[in-house]
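Those sequence lines, one after another, are chains A and B. Numbers 1 to 264, taken from full-length UniProt numbering, label the letters of the first sequence in order. Numbers 1 to 294, taken from full-length UniProt numbering, label the letters of the second sequence in order. Just so you know, even glycine gets a beta-carbon here, dropped at the ideal spot from N, CA and C. Only a predicted model underlies this, so the values are computations on that prediction, with no experimental measurement involved.
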Amino acid sequence: MVAQAKLPPQWAKITALGLMLLLLIFAAIPGYFTGKWTWADQPQLQTLAQLQQVRKQGLDLAGWTTLEHKLMKIRGQEWLIQTVEQNNQTAILLMLVQKYYKDRPQIEWMDINGFQQWKTDSHRRLRLTVEPSENGLSSTKFTTQFFRSWTQAVNPLLSLLWKDCTSDQLCDFYQKQRLKQTYAVTQWYAWPDGGSPAASHWFMADRLAQLSQQRAPWVAVNVLIPIEPLGNIGEVEDFSRSLSQSIQAELIAEAFTLNDSEKN
Amino acid sequence: MHIERKIPIAIERYLLNAALVVALGLLYAPLLMYWYDGWLEKSISIEHEYFSHGLIGLPFAAYITWTLRSQWSQLPNISHPAGAILLLIGGLCYGSGLSDLVNLSFPIVLAGLCLWLKGIPGLRVQKWPLIFVALATPTHLPYLIEPLAFPLQKFIASVAGFILVQFNLNVTVEQVYLFVNGQIVEVAPHCAGLKMLFTSLYVGLMLLYWTGIASDRTKSILFLLSAATISVVANIIRNTLLTLFHGTGQDGLFHWLHDSWGGDLYSALMLGLLVVLINWIQNNTANEPQAQTH
Chain A
1 MVAQAKLPPQ WAKITALGLM LLLLIFAAIP GYFTGKWTWA DQPQLQTLAQ
51 LQQVRKQGLD LAGWTTLEHK LMKIRGQEWL IQTVEQNNQT AILLMLVQKY
101 YKDRPQIEWM DINGFQQWKT DSHRRLRLTV EPSENGLSST KFTTQFFRSW
151 TQAVNPLLSL LWKDCTSDQL CDFYQKQRLK QTYAVTQWYA WPDGGSPAAS
201 HWFMADRLAQ LSQQRAPWVA VNVLIPIEPL GNIGEVEDFS RSLSQSIQAE
251 LIAEAFTLND SEKN
Chain B
1 MHIERKIPIA IERYLLNAAL VVALGLLYAP LLMYWYDGWL EKSISIEHEY
51 FSHGLIGLPF AAYITWTLRS QWSQLPNISH PAGAILLLIG GLCYGSGLSD
101 LVNLSFPIVL AGLCLWLKGI PGLRVQKWPL IFVALATPTH LPYLIEPLAF
151 PLQKFIASVA GFILVQFNLN VTVEQVYLFV NGQIVEVAPH CAGLKMLFTS
201 LYVGLMLLYW TGIASDRTKS ILFLLSAATI SVVANIIRNT LLTLFHGTGQ
251 DGLFHWLHDS WGGDLYSALM LGLLVVLINW IQNNTANEPQ AQTH
């Protein structure tokens, strides 16, 4: 125990009162005058327009061809579905883009897993890095959850995509994939300076940002890469890594960064 | 001469005390009103509602402090340095203007004041009110522990499924999802009963203090464990009924229990059960040697 100092009684009260007066003057009085209390709200999303843009138009991934992008309601939330292709390897991205400054990640993986009703195994964490495109920026480290999934019947998501397919190529692809059923899946929440499958990590990043009146906007990303029935996901690990890095880099550039014209 | 000297000191002390109370009031009245409004109108967030036991807990804490006022004023005026540290931390939290930090500053500043004005004995005297304030201070802790509720959700889903199978219902349980007659019921994190568990434990603590059983550690732990068990069991029954109603198409009953006064009735019955339990503990252990201090 720390030694207790005997002080004149009034002295302790006066110092305590002094501190409270300081708080009153600098923190409380402005609230009383404006009727607006900072603790009753959170800072707004600065890149809300960019997030909406991505939600509507999908991501423009360098080196990838987007075959289709659309919004689809899954378990009550509107997911951005984007089918991309590179060298005959196709992948399906499911992204939930933050819409409102009060939205928070709510373990969306549960919704996807429940919707797909898939069995999963071979869970692993992948540690990834995005190198900055401009000089002077630091690299962004993020973590993803990587696992194998398969459904016993047809794949629910692919069935929906197949039902509304718009071109022969897509119809053919979805029809095959819908029955193929085994996928290497990557999941993470992406935010400006990081990413993780755990919502609590986003929470800490967001609180830190709030200290400087900023926010950490987020996007929940699922990447589905079709593999051979009950095949080894290790074979597509490098492919998944590079795709995840492209997505994170593109999200940082398109959804999380203010346009130059909007900067002050 | 001596009399003349004494009166100013008394007035000065009185004024200082009053100024402290007024300053505290001005700092925190808007915040407390905001909390209360959020609890009554359910207008802030689900996390905020996890702490709605503060509706009765905060007045209870104020009442205890009021009953302890002579004990408090008889304590010697000593300052503990930790009090200054807590006051500074609390002040920084308040100054940050961020909701969680400002909320947390309330119990921190109160504890800091106890230590700064009356030292460790002061903290000891105000132990219970401080506990009741701290546990009613809204934070985002429920959001952070929600993922940890997953095993509990799974457990509730499988037990509810098991019970319904006994009633010859065709139920399949998949993780936290119950499939009944083509209907899906999800045991969501908010259905895991964490809020009710928090409330039961908080009300349990209040009852322990009120009945004086709190000074008996064994009985207290036993009571809180029973309270937690009652809460979990009651929640399984609630989820089973909800699945039954939803699965058999009785939507009226489902909504009554899920988001109407049926839910309130369920909470009231459960808390009533706690009162019955503590009465039973009091009556059935009366002939055992009682703890001396209250």
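- Following the DSSP letters along the chain, one finds Glu78(A) inside the beta strand (DSSP E) bounded by residues 77–86.
- Spanning the alpha carbons of Gly114(A) and Gly95(B) requires a straight line of approximately 43 Å.
- According to the DSSP secondary-structure assignment, Gly195(A) is paired through a beta bridge with Ala190(A).
- Between Leu128(A) and Gly91(B), the C-beta gap is not smaller than 7 Å, which leaves the two residues out of contact.
- The beta carbon of Thr139(B) sits closer than 7 Å to the beta carbons of Asp100, Asn103, Leu104 from its chain, once the five residues preceding and following it are set aside; these are given in chain order.
- Taking all protein chains shown into account, Asp41(A) has fewer than 16 neighbouring C-beta atoms within 10 Å of its C-beta and is therefore exposed.
- DSSP, reduced to helix, strand and coil, places Trp64(A) outside both helices and strands of the structure shown, so it counts as coil.
- Excluding residues up to 5 positions away in sequence, Phe132, Met206 lie with their Cβ nearer than 7 Å to the Cβ of Phe60(B) in the same chain.
- Proximity of chain B to Ser212(A) at the Cβ level (cut-off 9 Å) is not reached, the minimal Cβ distance being about 11 Å.
- In the structure shown, the three-state DSSP call for Trp150(A) is strand.
- With distances taken between CA atoms, Phe150(B) lies nearest to Met110(A) out of Glu228(A), Met110(A), Ser246(A).
- The region 204–215 of chain A makes no contact with the region 163–179 of chain A, as fewer than three CB pairs between them are under 8 Å.
- Beta bridge pairing from DSSP links Arg125(A) with Gln145(A).
- When DSSP states are grouped into helix, strand and coil, Val187(B) belongs to the coil group.
- In the structure shown, the three-state DSSP call for Ala157(B) is helix.
- When secondary structure is reduced to three states using DSSP, Thr137(B) falls in the coil class, being assigned neither helix nor strand.
- Nearest to Tyr209(B) by alpha-carbon distance, out of Pro81(B), His48(B), Gln282(B), is Gln282(B).
- Cβ atoms of Glu85(A) and Leu170(A) stay farther apart than 8 Å, at about 10 Å.
- When the beta-carbon positions are compared, Glu228(A) and Val54(A) stay at least 7 Å from each other.
- By the Cβ-count criterion, Glu131(A) is exposed, with fewer than 16 other Cβ atoms from all chains shown falling within 10 Å of its own Cβ.
- With fewer than 16 other beta carbons inside 10 angstroms of its own, Val275(B) counts as exposed.
- Neighbours of Trp116(B) in chain A, taken as residues at a C-beta separation under 7 Å, are given in chain order as Ala12, Ala16.
- Just so you know, the alpha carbons of Ile230(B) and Ser45(B) end up roughly 26 Å apart.
- Within chain A, no residue has its CB atom less than 8 Å from the CB of Ser70(B), the nearest being about 17 Å off.
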